[in-house]
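Heads up: the structure comes next, in structure tokens.
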Amino acid sequence: MQQKKILKSTIGAILTAQDQTFHKCPRVRSRAKRHNVELAVAILLVDLATIDQNFEMQEYNVIVDGLRRLFGTTPRDVSALINQAQLVIANLRGTAKFAELLKEELTHAEKTSVLSVINEVIDADGERDGFELYLLNKFTDILGLSPSE
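FYI, in my numbering the residues of the sequence shown are 546 to 694.
This is the structure in structure tokens:
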């Protein structure tokens, strides 16, 4: 319980500091926004990959490749994003707010690319779990895309 309070306090302090920095400089704001978008995508992908309680190497590799293709993220940075995503997922209920962030920040083509990587993560372990399909439909809807995209 104490760890959750400390974590919540730390995350709050980080977000407050980031928000203050965000408003000071357009270049910093752009970098911070990009990181938030990358983290939101990582959270959605890791959530899908771990929904069956197994985070398999194939799924990890698909996420690494997907983030590299989408954002040019280095393998080291992907590792950090995945660690952050796992921490966020462990301490939050639901990932819909991250999909909402992507809806606001990404172009239609970028949303379609993210959806493509989501499908790759779902297919990485060779099984399309019912809950994975539920999340796919939910994220597709939140992103404002049609199921055929």
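Virtual Cβ for every residue (Gly too), placed ideally from N, Cα, C.
Since this is a predicted model, take the numbers as computed values, not measurements.
Taking every protein chain shown into account, the CB of G611 has 16 or more other CB atoms within 10 angstroms, so this residue is buried. Short of 7 Å from the beta carbon of V609, and not among the five residues preceding or following it, lie these beta carbons of its own chain, in chain order: P620, V623. By the CB criterion at 9 Å, T685 and L660 fall inside the cutoff. The alpha-carbon of S693 is positioned some 11 Å away from that of N682. Approximately 7 Å separates the beta-carbon atoms of L680 and I596; this is inside 8 Å, confirming the contact. Per the coordinates, the alpha-carbon of T657 lies some 8 Å from the alpha-carbon of L690.
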